[in-house]
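From first to last, the protein sequence lines stand for chains A and B. The first sequence lines up with residues 160 to 432 when you count with the working numbering. The second sequence lines up with residues 1433 to 1720 when you count with the working numbering.
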Amino acid sequence: MTTQIKTLFDTIDPEILETVETRGEEIANGRSTNSKVIAALALGSIPVAFAALAKDAYGQTPTDVIDVLQFALTLEYLESEFYNRGVGSVGLIPASDLPIFQTIQKHENDHVTALKAFITQRGATPGAKPNFDFTAKGNVPGFNFSVGQYATFQVLSQAFEDTGVRAYKGQAGRLINDKPALNAALSIHAVEARHASEIRRLRGKKGWISGDSRDDLPLFTQPVYEGENNASQAGMDITALGNGNGGPTAVTEAFDEPLTKDQVIKIVTPFFA
Amino acid sequence: MIPGGITWYRVPGTGFLTKVSANTCAEFGGEMGEKNVMVISSAEQLMEGNTRRNFLKLVGLSGAVIFLPNVLTSCNSSNNGDITGPPGTGTPVVIDFAKGDTAILQFAYALEQLEADFYTKVVANFSGAGFSSGEQTLLTDVKFHEVIHREALKAILGSANDFTVHTTYGALNFKDRTAVLGAAKTFEDLGVAAYNGAAQYITSTANLLVAGKIVSVEARHAAAIRDLITPKAGGASGANPDSFAPKSFDDVFSPGKVVGMAQGFVVEKLTPKNAPTTFVEGPNGNGQ
């Protein structure tokens, strides 16, 4: 048990430990708001109490962080199912492009696995995989991963990847006090951006988003690009920085914009059966 | 007069001037201790009586006069390319992490200066470098984005933007498509890992968002550059090192690691001060 405690302490930043100590005093004085800490202490299990306390010390953990992770898991379920079915449909994807989608498929499945582990580590239960409707309630008529539907598959891929980048970006701030979760989210965020760039270029588009253009994607995907034409950064209008540097279009390309959770939910809801 | 923007050294005992690697205003602010060497760091200095007398004396004797790079301009010139020299030999650029988020933005500003300068040179050397017109369009876009990143961070930093990093690329041949793309890949992948690893030290969600808005564009660049080098590379392992996305999780590098990797391209000595002693690893566990 001593070893276990030592390991726990060694893996926690001094800064966080300080917070833990402060909160520990409060808890000793009966002010913990975390019923798990109290329950664990009642059971006499110090490591368990400490694990619960570590979460309690963050203040906003676990509900906010768990909410972000569950939300991200839902998006990754959508993506992983999409690529599992696409790559699994023999003949849908031309052999020359298959390595691209195999790569993305593997990454999305790894993201699902990692997010589940993060949620479990934080004492919650990962949400179950939903059932999906890739016709998006008829917005993508007849789409079922059949051979011959590759162009539509690519369209959906672009929409999902560009959404994924913006979704993670919108949630990063809520993870600011949970560094391992922040790191994981950011490292997934960047990989989604790589995927987005590749699929966009595969489709003959630029790897980056110009203004709020959905390019040749169908109208129902416009919310994916809503607000991408923002030229205000850190409270400053930076439109003029485009002078001699590609103009206002380049200014919007240089910055990807976040989506709120509500915006993302509106985008993906049609894909849930 | 001595050609502006270059450091010249009068070889002792001869009448010849020779070019020397640049040093800096901070290190050589006036006359040096050595008897027959004099450092001129500003044009104004030449107008001072003592300086002028010593200058004439040294020219007449076998002394040496060093003109610092900014004699005809000023220190902290914003014109990249003024100062040359081996990596890490110039004025220390101090990033003081005690300044909190400002330090993180300064760190980003230094990296964006490097990237913007690199792509500016890439674009300036298109002629004869073997890039297709599509590739030229792509690389020109990337140049625009990096210059805009640099200028945006400069504006956000306000008075804390008062430093310039000057670049050095060793033997890199900007007329060699393969070499240029290889370097671009290094810069983009490093940029992604740098933002990802610096994020944990940001305390304001507004600043975290700015970093997040930039890093995904760097990742888009990284994928595009990688795809130019090896088109459509990947596979079921998800771990093809030549792929547009070589890992399931992007790297998360500590500022110290990033400085170590970026220093090879920067004349000034990148000098983290009060650097954080703790670093939380990302999923790949390779940040330090």
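All C-beta atoms, glycine included, are put in the ideal place defined by N, C-alpha and C.
- prompt: Using the rule of at least 16 other Cβ atoms within 10 Å of the residue's Cβ for burial, across every protein chain shown, is leucine 378 (chain A) buried or exposed?
  reply: Residue mapping note: residue 378 (chain A) aligns to position 219 of the first sequence, counting from 1. Leucine 378 (chain A) comes out exposed.
field: Separation of arginine 1652 (chain B) from glutamate 416 (chain A), as counted between CA atoms
entry: Against the first sequence, residue 416 (chain A) aligns to sequence position 257. Against the second sequence, residue 1652 (chain B) aligns to sequence position 220. Roughly 14 Å separates the two Cα atoms.
- prompt: Helix, strand or coil: how does DSSP classify valine 1684 (chain B) here?
  reply: The sequence position of residue 1684 (chain B) within the second sequence is 252, counting from 1. Residue state, collapsed to three classes: coil.
task: Leaving out five residues on either side along the sequence, give the residues of the same chain with a beta carbon under 6 Å from the beta carbon of serine 1680 (chain B).
output: As a first step, residue 1680 (chain B) must be located in the second sequence, where it is residue number 248. If we look at serine 1680 (chain B) and ignore the five residues flanking it on each side, its Cβ neighbours are Gly1670.
- prompt: Using 8 Å as the Cβ pair cut-off and three pairs as the minimum, do the segment 1638-1651 of chain B and the segment 1558-1566 of chain B touch?
  reply: no
task: Can you tell me which of A:His348, A:Asn303, A:Glu320 puts its alpha carbon nearest to the alpha carbon of leucine 251 (chain A)?
output: By 1-based counting over the first sequence, the position of residue 251 (chain A) is 92. The shortest C-alpha separation from leucine 251 (chain A) is found at A:Asn303.
message: Between which residues of its own chain and valine 324 (chain A) is the CB-CB distance below 8 Å, once the five residues before and five after are set aside?
response: Taking the first residue of the first sequence as 1, we reach residue 324 (chain A) at position 165. So the qualifying residues of the chain are His348, Glu351, Ala352, Ala355, Asp415.
query: Do we get a CB-CB distance below 8 Å when we pair alanine 1556 (chain B) with the residues of chain A?
result: In the second sequence, residue 1556 (chain B) corresponds to position 124, counting from 1. With 8 Å as the cut-off, alanine 1556 (chain B) does not count as an interface residue toward chain A.
- prompt: Just the Cα atoms here: how many angstroms apart are valine 1526 (chain B) and lysine 1705 (chain B)?
  reply: Residue mapping note: residue 1526 (chain B) aligns to position 94 of the second sequence, counting from 1. Residue mapping note: residue 1705 (chain B) aligns to position 273 of the second sequence, counting from 1. Valine 1526 (chain B) and lysine 1705 (chain B): Cα-Cα distance of roughly 7 Å.
- prompt: Can you find a C-beta in chain A that's less than 8 Å from the C-beta of arginine 1652 (chain B)?
  reply: Numbered from its first residue, the second sequence carries residue 1652 (chain B) at position 220. True, the Cβ-Cβ gap to chain A drops below 8 Å.
query: What span of residues does the alpha helix (DSSP H) with isoleucine 426 (chain A) cover, start to end?
result: Residue numbering aside, residue 426 (chain A) sits at position 267 when the first sequence is read from its first letter. Run containing isoleucine 426 (chain A): 420-427, per the alpha helix (DSSP H) assignment.
task: Give me the Cα-Cα distance between glycine 1614 (chain B) and alanine 1654 (chain B), rounded to the nearest whole angstrom.
output: Here the question's residue 1614 (chain B) lines up with position 182 in the second sequence. Here the question's residue 1654 (chain B) lines up with position 222 in the second sequence. If you take the alpha carbons of glycine 1614 (chain B) and alanine 1654 (chain B), they lie about 11 Å apart.
query: Buried or exposed: glutamine 1632 (chain B), going by 16 or more other Cβ atoms within 10 Å of its Cβ?
result: Position 200 of the second sequence holds residue 1632 (chain B). Buried.
field: Bridge-paired residues (DSSP) for serine 346 (chain A)
entry: To locate residue 346 (chain A), count along the first sequence from 1; it is residue 187. Its beta-bridge partners do not exist; DSSP assigns none.
Sequence-distant residues of its chain with Cβ nearer than 6 Å to aspartate 223 (chain A) (five each side left out): Numbered from 1 along the first sequence, position 64 holds the residue referred to as residue 223 (chain A). Cβ neighbours of aspartate 223 (chain A) beyond the five flanking positions: Arg333.
message: Pairs of beta-carbons, one from the segment 399-418 of chain A and one from the segment 257-277 of chain A, closer than 8 Å: are there three or more?
response: no
task: Could you check how far apart the C-beta atoms of alanine 273 (chain A) and proline 1715 (chain B) are, in whole angstroms? I think they sit under 8 Å.
output: Reading the first sequence from its first residue, position 114 is the one you call residue 273 (chain A). Reading the second sequence from its first residue, position 283 is the one you call residue 1715 (chain B). With a Cβ gap of about 6 Å, alanine 273 (chain A) and proline 1715 (chain B) count as contacting.
field: chain B contact residues for phenylalanine 414 (chain A), given Cβ-Cβ distances below 7 Å
entry: Taking the first sequence and counting its residues from 1, one reaches residue 414 (chain A) at position 255. Within 7 Å Cβ-Cβ: Lys1645, Ile1646, Val1649.
query: Near lysine 1617 (chain B), which residues of its chain fall below 8 Å by C-beta distance, leaving aside the five closest residues on each side in sequence?
result: Within the second sequence, the letter at position 185 stands for residue 1617 (chain B). For lysine 1617 (chain B), where only same-chain residues beyond five positions count, the Cβ hits under 8 Å are Ala1654, Ile1657, Arg1658, Ile1661.
query: From the beta carbon of glycine 1688 (chain B), is the nearest beta carbon of chain A less than 8 Å away?
result: Mapped onto the second sequence, residue 1688 (chain B) falls at position 256. Not one chain A Cβ lies under 8 Å of glycine 1688 (chain B).
query: Going by other Cβ atoms of all chains shown within 10 Å of its Cβ, with 16 needed for buried, is alanine 1584 (chain B) buried or exposed?
result: Against the second sequence, residue 1584 (chain B) aligns to sequence position 152. Flag for alanine 1584 (chain B) reads buried.
- request: Go ahead and pull the three-state DSSP assignment for alanine 1496 (chain B).
  value: Taking the second sequence and counting its residues from 1, the one referred to as residue 1496 (chain B) is at position 64. Confidence at alanine 1496 (chain B) is low in this model, with a pLDDT of 42, below 50, so the placement of that residue is unreliable and no value is reported for it.
message: Taking the alpha helix (DSSP H) that aspartate 1573 (chain B) belongs to, which residues open and close that run?
response: Counting from 1 along the second sequence, the entry for residue 1573 (chain B) is found at position 141. Taken as a continuous stretch (DSSP letters only), the alpha helix (DSSP H) holding aspartate 1573 (chain B) covers 1565-1589.
task: Could you name the residues of the same chain whose beta carbon sits closer than 7 Å to that of glutamine 308 (chain A), not counting the 5 residues immediately before and after it, in chain order?
output: Here residue 308 (chain A) refers to the residue found at position 149 of the first sequence. Within the same chain, glutamine 308 (chain A) has close Cβ partners Leu251, Phe302.
- prompt: What residue from A:Lys338, A:Val383, A:Ile278 has the CA that sits closest to glutamate 1713 (chain B)'s CA?
  reply: Sequence index remark: in the second sequence, residue 1713 (chain B) carries index 281 (1-based). The shortest C-alpha separation from glutamate 1713 (chain B) is found at A:Lys338.
message: Just to confirm the assignment, what range does the beta strand (DSSP E) spanning aspartate 1528 (chain B) have?
response: Numbered from 1 along the second sequence, position 96 holds the residue referred to as residue 1528 (chain B). Where aspartate 1528 (chain B) is concerned, the enclosing beta strand (DSSP E) stretches over 1522-1528.
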